[in-house]
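Colleague: Structure below; questions to follow.
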Amino acid sequence: MPSTSELASDKAKRHQIIDACREMNRLGINQGTSGNISLRHDDGMLITPTSVPYDTMHVDQIVFMRLDGAPPARQRPSSEWRFHRDILKARSDVNAVVHAHPPYATILAIMGREIPAVHYMIACAGGDTIRCAPYATFGTEELSRHAVTALENRSACLLAHHGMIAAGSSLAKAMWLAVEVETLARQYHGALQIGTPPVLSKAEIEIVRTRMAGYGVGGSEN
Ligand code: 13P
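Below, the structure is given as structure tokens:
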């Protein structure tokens, strides 16, 4: 349980995390208690607790842990704290990480498919593909390593037989991207029903990336 002064210093962020969790429920990108969110704070991160329904989640259940260690004793952070910690450690451009099992992104992840450049909006995730990290058991260091690798030069990835991760310089941006990844997955899945979807070239996605710099939540403060 955080002390009163700790709670006061990061209360706004704790509320922000719970609001985002409930927004995932409203948007239909979360399934049950399977999603989790982290937000950089001081030399560590604030992260959702494990297996707590978002509707009943309370600010004092959000766990603070340092990026150079494991969770404090008697705290129950998300079972995925390792990849949240390791992504925030590896990426100084990232301040928030959103993980969920949205239906269409997860269908593609089950099939081990990356999302190719079927729509120009893929550029929002940093490149011409959204990679699918190989499968590893949830909560493990192996899964964390796969996630960090799949996110190289990207801000989103799929996790095979599992779900997706979206990262951003703010929680609003990570949430916006999580919705965009699910939209792209749905579009790709739909196009696959008709045939083999044509894809945009790497060069075109680079042009889009340049034109889009600063697009999305928060605009050019990216
Ligand atoms: P929590 O441990 O955060 O409840 O979530 C489980 C999960 O999503 C595993 O990937």
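Using our numbering, the first residue of the sequence shown is number 2, and each one after it goes up by one.
Note that CB positions come from ideal geometry on N, CA and C, so glycine has one too.
Quantities reported herein were computed from a predicted structural model and do not represent experimental measurements.
Please confirm if the stretch 159 to 166 is in contact with the stretch 133 to 143, defined as three or more CB-CB distances below 8 Å between the two stretches.
Modeller: yes
Colleague: Taking the C-alpha atoms as reference points, what is the distance between Leu28 and Ala101?
Modeller: Here residue 28 corresponds to residue number 27 of the sequence shown, with the count starting at 1. Here residue 101 corresponds to residue number 100 of the sequence shown, with the count starting at 1. The straight-line gap from Cα to Cα measures roughly 12 Å.
Colleague: Compute every distance between the C-beta of Phe139 and the non-hydrogen atoms of the ligand 13P, then say whether any falls below 6 Å.
Modeller: The residue you call residue 139 lines up with position 138 of the sequence shown. Checking every heavy atom of the ligand 13P against the Cβ of Phe139, one is found closer than 6 Å.
Colleague: Within the same chain, show all residues whose beta-carbon is closer than 7 Å to that of Glu183, passing over the 5 residues directly before and after it, in chain order.
Modeller: Translated into positions along the sequence shown, residue 183 becomes position 182. Closer than 7 Å at Cβ, skipping near neighbours: Ile30, Pro103, Tyr105, Ala106.
Colleague: Please state if the CB of Gly140 and the CB of Glu81 are separated by a distance shorter than 7 Å.
Modeller: For the purposes of this step, residue 81 is taken as the residue at position 80 of the sequence shown. For the purposes of this step, residue 140 is taken as the residue at position 139 of the sequence shown. Yes, the Cβ-Cβ distance between Glu81 and Gly140 is below 7 Å.
Colleague: Just reading off the beta strand (DSSP E) that Ser39 is part of, what are its end residues?
Modeller: The residue you call residue 39 lines up with position 38 of the sequence shown. It spans 37 to 42 - the beta strand (DSSP E) in which Ser39 sits, taken as one unbroken run.
Colleague: Cβ of Thr34 within 6 Å of any heavy atom in the ligand 13P?
Modeller: If you number the sequence shown from 1, residue 34 lands on position 33. Of the heavy atoms belonging to the ligand 13P, at least one sits nearer than 6 Å to the Cβ of Thr34.
Colleague: With distance defined between alpha-carbon atoms, name the residue in Ser39, His147, Glu115 nearest to Asp11.
Modeller: Here residue 11 is taken as the residue at index 10 of the sequence shown, counted from 1. Looking at the Cα atoms, Ser39 is the closest of the given residues.
Colleague: Just how far apart, CA to CA, sit Glu222 and Lys174?
Modeller: Residue mapping note: residue 222 aligns to position 221 of the sequence shown, counting from 1. Residue mapping note: residue 174 aligns to position 173 of the sequence shown, counting from 1. With a pLDDT of only 42 at Glu222, under the threshold of 50, the placement of this residue in the model should not be trusted; the figure read from the coordinates follows. C-alpha separation (whole angstroms): 11 Å.
Colleague: Identify whether Arg67 lies in helix, strand or coil by the three-state DSSP scheme.
Modeller: On the sequence shown, position 66 is the one that residue 67 refers to. In the structure shown, Arg67 sits in a strand (DSSP, three-state: E or B).
Colleague: On the DSSP bridge list, what partners appear for His100?
Modeller: The residue labelled residue 100 in the question sits at position 99 within the sequence shown. Asn37, Ile166, per the DSSP bridge assignment.
Colleague: Which whole-angstrom value is the C-beta distance of Leu68 and Arg86, which I expect to be below 8 Å?
Modeller: For the purposes of this step, residue 68 is taken as residue 67 along the sequence shown, with counting starting at 1. For the purposes of this step, residue 86 is taken as residue 85 along the sequence shown, with counting starting at 1. Correct: roughly 6 Å between the Cβ atoms.
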